[in-house]
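Asker: Line by line, the protein sequences are chains B and F. Taking this note's numbering, the leading residue of the first sequence gets 201, the next gets one more, and so forth. Taking this note's numbering, the leading residue of the second sequence gets 701, the next gets one more, and so forth. All C-beta atoms, glycine included, are put in the ideal place defined by N, C-alpha and C. In this text the structure is predicted, and so the values were computed from the model without any measurement.
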Amino acid sequence: DAGVIQSPRHEVTEMGQEVTLRCKPISGHNSLFWYRQTMMRGLELLIYFNNNVPIDDSGMPEDRFSAKMPNASFSTLKIQPSEPRDSAVYFCASSRVGGLIYEGYTFGSGTRLTVV
Amino acid sequence: DQQVKQNSPSLSVQEGRISILNCDYTNSMFDYFLWYKKYPAEGPTFLISISSIKDKNEDGRFTVFLNKSAKHLSLHIVPSQPGDSAVYFCAATNFNKFYFGSGTKLNVKP
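(1) Using 8 Å as the threshold, is the stretch 266 to 282 of chain B in touch with the stretch 221 to 235 of chain B, meaning 3 or more CB pairs across them?
(2) How about Gly310 of chain B and Gly743 of chain F: are their beta carbons less than 7 Å apart?
(3) Using the Cβ count rule (16 or more neighbours within 10 Å means buried), how would you classify Ile247 of chain B?
(4) Let me check one thing: in DSSP terms, what residues is Tyr290 of chain B bridge-paired to?
(5) To which residues does DSSP link Leu221 of chain B through a beta bridge?
(6) With DSSP as the reference, identify every bridge partner of Ser712 of chain F, one or two as the case may be.
(7) So for Asp814 of chain F, helix, strand or coil by DSSP?
(8) Is the beta carbon of Phe800 of chain F less than 7 Å from the beta carbon of Ala786 of chain F?
(9) Within 7 Å of any Cβ in chain B, is that where the Cβ of Phe795 of chain F sits?
(10) Can you find a C-beta in chain F that's less than 7 Å from the C-beta of Ser275 of chain B?
(11) If you run the structure through DSSP and keep just helix, strand and coil, what is Asp848 of chain F?
(12) Please name the residue or residues paired with Pro254 of chain B in a DSSP beta bridge.
(13) Got a sec: is the Cβ-Cβ distance from Phe249 of chain B to anything in chain F below 7 Å?
Structure below.
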């Protein structure tokens with residue numbers, strides 16, 4: 201099992217540009233989560249999906265952020281237009297609903313986004 | 701409004717001594733608590749968990765304690781090793797939604 205795969209690992213973009221982060225969850229996992237890590241707020245949940253359906257997007261900071269999960273093996277997080285304050289590490293995680301909850305999530309290695 | 705708080709951003713401990721990382725939460729409905737460890741340039745990895753019906757769970761050098769009346773949990777690492785140096789996040793969950801603290805950076809000095 202390759203784990204949760206995120207791409208790209210690093211992204212540097214100019215303010216105003218569109219940024220798309222990608223995630224491939226673990227096969228068989230039916231929940232997918234997008235988190236953002238910052239120094240001030242730690243790990244913040246942005247949105248999560250169950251069976252490809254968005255369940256809770258209350259953590260999405262504003263309309264510039266959108267997320268999709270077109271199928272069970274792929275999800276994207278898009279920021280348009282990007283701003284310097286969006287600079288952070290973005291993590292994707294997956295889990296099985298009804299699985300062994302004490303295992304929690306499996307996280308990807310993250311995408312470090314820098315908006316200049 | 702952070703429901704899970706880690707008030708110590710960093711902790712430094714000598715190798716061989718005990719490391720104690722603390723976490724407080726506000727929601728009495730949380731039913732499971734977990735600790736994650738994160739190395740630089742990697743995603744967080746699961747370390748240990750505890751159900752709300754227990755007050756202690758031990759796994760080798762790692763023990764998690766839960767005090768429900770105080771809404772407090774702690775992670776004890778004994779003995780601490782330099783390889784334990786990492787950022788530790790506590791998390792709490794209900795209904796498959798996890799809330800994370802802001803993390804504590806542990807430095808274990810040789």
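Answerer: The short version:
(1) yes
(2) Translated into the one-based positions of the first sequence, residue 310 of chain B becomes position 110. Translated into the one-based positions of the second sequence, residue 743 of chain F becomes position 43. Yes, these two residues count as a Cβ contact at 7 Å.
(3) Taking the first sequence and counting its residues from 1, one reaches residue 247 of chain B at position 47. By the 10 Å Cβ count, Ile247 of chain B comes out buried.
(4) Along the first sequence, one-based indexing puts residue 290 of chain B at 90. Paired residues: B:Arg236, B:Thr311.
(5) Position 21 of the first sequence, counted from the start, is the residue given in the question as residue 221 of chain B. DSSP, once it has assigned bridges, lists B:Leu277 as partnering Leu221 of chain B.
(6) Numbered from 1 along the second sequence, position 12 holds the residue referred to as residue 712 of chain F. Paired residue(s): F:Asn807.
(7) In the structure as shown, chain F starts at 701 and stops at 810, and residue 814 of chain F therefore has no counterpart that could be examined.
(8) Residue numbering aside, residue 800 of chain F sits at position 100 when the second sequence is read from its first letter. Residue numbering aside, residue 786 of chain F sits at position 86 when the second sequence is read from its first letter. Their beta carbons are not under 7 Å apart, which means Phe800 of chain F does not touch Ala786 of chain F by this criterion.
(9) As a first step, residue 795 of chain F is located in the second sequence; it is residue number 95 there, counting from the start. Taking Cβ atoms only, chain B never reaches closer than 7 Å to Phe795 of chain F, which makes this a no.
(10) As a position in the first sequence, residue 275 of chain B is number 75, starting the count at 1. Not an interface residue.
(11) The requested residue 848 of chain F does not occur in the structure, where chain F is confined to residues 701 to 810.
(12) Here residue 254 of chain B corresponds to residue number 54 of the first sequence, with the count starting at 1. DSSP output for Pro254 of chain B lists B:Phe249 as bridge partner(s).
(13) If you number the first sequence from 1, residue 249 of chain B lands on position 49. Phe249 of chain B does not count as touching chain F.
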